[in-house]
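Step one of this worksheet: look at the structure below.
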Amino acid sequence: MRRPTVRACAASVAALAALLVPAPAAQADGTAAAAATVIEKVPYAMDTSNQAAWWSPAATYKGRGQYTYFAFNEPGATAATHRPAIARRDPDGVWSRLPLLDADGQQAEFADDNGHNQPSVARDGSGRLHVFTSMHANPWRYYRTDAPGGAVTDHAAEMPDQGVAITYPVVTTAPNGDLYLAARVGAGSDQRPGRLYRWDNAASTWSTVATFAGALNRSVYPDDVAVDAQGRVHVLFEWAKAPATGFRHQLSYLVYDPATGAFADSTGAAVTTPVTPATSDVIQDLTEGEEWSIDNAYTGPAVQSAKLALDGSAPKIAYRYRSADSNGNFRVYYAYPSGSSWIRQSVYSGVQTTAAIGITWDAAAGGSRVYYVTASGTDRVFAATRPASTWTPESAAPGITADRLAVRQDSDGKDVLYLPDTAHTTLYYGLR
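Residue numbers for the sequence shown follow numbering that gives the first Met the number 0, beginning at 0 and rising by one.
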């Protein structure tokens, strides 16, 4: 299949970005617009199914400049299907498109399933791209390039746990070029555990590290995975009543050390895996009125989406939580470990937020940036920082009505924003 590309000079891209970003102005809610944000429209059609909260659809690489990779759903042959692809942005601002190809050379196509059938992408130390896509209790749907710049082809048969139902794959690159993947495995009605996998970049093989969490009558919902400079793997996940629900509880954390093969909590204390809700390092515990329920009309307290960033080896967590006094709204919170407990702070408690959250760490800028999306408003994507004693938001994408997001910090310390606007079937790239 011929791979179409878009060739445009960097000056044209800069001009487009300037047109897309309005001049800074005060917002209706009193927050300030972010003058430093650059926004570009990704030049490929996006399917309305390209929306999730758990995913890791963006990756970056520093070569002779910064490369960005956005995995996304393109429209399928019908309104109920999509075709996954990668949009690559070169350092000069030129975009190119890499479709995911099945064994017959045709672009892969899957049924839409909002919140489940979306892609995650990572680049390994040899320059190969890895994409996990469109799995809601399905066998592996895994695609990879065999060399930098090559076609993205089906490699599902190389994964461990063949024939096992997989959901919510989140993936990241370690400093040594290996990859780590966390996913929910199984489709049992009594439990659905979480499992960690490793791509050995030197050997070009995947293996199972461990089942990191699992318990009777509980399902695990992976949120994020990150690797620090020492190679330790940080995992963030939620618990729900089995078999599945849109509302989860007891946001939890684990760290894995490949050097020892051991898991630990945020204090460094060793833990036995798989952890259960009773043995997890819980960041957000149950609050008044919170119940374990599989009713998707449940209106009580619950967690729904979380992400982590690292300050060295210390985790910083952003998450959405609906409490009994929040009038049904999911508020935005920030947490970090201190001694034997987690310190939690309220970041945003205004109008309803969507199932999207992001966080990066920038010590020079005063610490964490927490990204969230409001369900209404002219500006909907915000970044909050805490330069003093309170969290202060600013518009992170002025004039862009994105309703989901993902954030990846590049090696220059800049935040790359992945911004789907599903109402207008448009994907935006942001840099700030």
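Heads up, the beta-carbon is just placed ideally off N, CA and C, and yes, glycines get one too. Here the structure is a predicted model, which is why all the values come from computation and not from measurement.
inquiry  = Pull the bridge partners of Y370 from the DSSP assignment, please.
reply    = G357, A382
query = Residue ranges of each beta strand (DSSP E) run of no fewer than 3 residues wholly in the stretch 238–271, ordered along the chain?
reply = 248–256, 261–263
task = Report yes or no: do the stretch 181–189 and the stretch 148–159 share at least 3 C-beta pairs separated by less than 8 Å?
result = no
key: Cβ pair count under 8 Å reaching 3, the stretch 387–394 against the stretch 403–416   = no
task = Would you please state the rounded distance, in angstroms, between the beta carbons of A225 and I282? I believe it to be under 8 Å.
result = Actually they are not in contact, since the Cβ atoms of A225 and I282 sit about 15 Å apart, beyond 8 Å.
ask   = When the Cα of T275 is compared with those of V406, A268, G213, which residue comes out closest?
value = G213
task = Please classify Y399: is it buried, with 16 or more other beta-carbons within 10 angstroms of its beta-carbon, or exposed?
result = At residue 399 the sequence reads Ile, which differs from the Tyr that was named. By the 10 Å Cβ count, I399 comes out buried.
key: Simplified DSSP state of H81, which is helix, strand or coil   = strand
message = I'd like to know whether the C-beta atoms of L99 and Y142 end up nearer to each other than 8 Å.
response = yes
T286 versus S279, W53, A269, Q249, residue with shortest Cα-Cα distance = Q249
key: Neighbourhood of S337 by C-beta distance below 8 Å, restricted to the same chain and skipping five residues each side   = Residues of the same chain with their beta carbon placed closer than 8 Å to that of S337 are lacking, with the five preceding and five following residues left out of the count.
message = Let me check understanding here. Comparing Cα to Cα, which of D361, R343, A268, F329 lies closest to T353?
response = F329
Helix, strand or coil at E157 [DSSP, three-state] = Assignment of E157 by DSSP, reduced to helix, strand and coil, places it in the helix class.
request  = Reducing DSSP to helix, strand and coil, say where D420 ends up.
outcome  = strand
Limits of the beta strand (DSSP E) - the one that K306 falls within = 301–310
request  = Might you give, ordered along the chain, the residues of its own chain that have their beta carbon closer than 6 Å to the beta carbon of T421, omitting 5 neighbours on each side?
outcome  = Taken in chain order, the residues that qualify are T47, Q50, D402.
message = Let's test the definition: count the other Cβ atoms within 10 Å of the Cβ of R63 and tell me whether it reaches 16, buried, or not, exposed.
response = exposed
request  = Pull up the distance between the alpha-carbon of A150 and that of D101, whole angstroms please.
outcome  = 10 Å
inquiry  = Please identify the residue among S279, L307, Q190 whose C-alpha is closest to the C-alpha of V169.
reply    = L307
key: 8 Å contact criterion, which V369 and V331 should meet: CB distance rounded   = 6 Å
For N200 and D123, believed in contact at Cβ under 8 Å, the rounded distance = 5 Å
query = What is the DSSP secondary structure of A212, counted as helix, strand or coil?
reply = strand
ask   = Considering Y66, what are the terminal residues of the beta strand (DSSP E) in which it resides?
value = 64–74
ask   = Taking the continuous beta strand (DSSP E) assigned at S432, which residues delimit it?
value = Outside the modelled stretch of the chain, which goes from 0 to 431, sits residue 432, for which no answer is possible.
inquiry  = Does A31 come out as helix, strand or coil in the three-state DSSP assignment?
reply    = With a pLDDT of 44 at A31, under the threshold of 50, the predicted position of this residue should be treated as unreliable, and no value is reported.
task = Let me know the secondary structure DSSP gives A136 once reduced to three states.
result = It is a strand residue.
task = Tell me Q351's beta-bridge partners as DSSP assigns them.
result = DSSP output for Q351 lists no bridge partner at all.
task = Would you check if the distance between the CB atom of P118 and the CB atom of P83 is smaller than 8 Å?
result = yes
inquiry  = Can you find the residues in the same chain that come closer than 6 Å, C-beta to C-beta, to A355, ignoring five residues on each side of it along the sequence?
reply    = A52, V372, R403, L404
request  = Would you please state the rounded distance, in angstroms, between the beta carbons of R407 and A57? I believe it to be under 8 Å.
outcome  = At roughly 4 Å, the Cβ-Cβ gap stays under 8 Å, so R407 and A57 are in contact.
key: Euclidean distance between Cα positions of N295 and S206   = 35 Å
message = Measuring straight from C-alpha to C-alpha, what distance separates R431 and T359?
response = 11 Å
message = Do A261 and G230 have their beta-carbon atoms positioned less than 8 Å apart in this structure?
response = no
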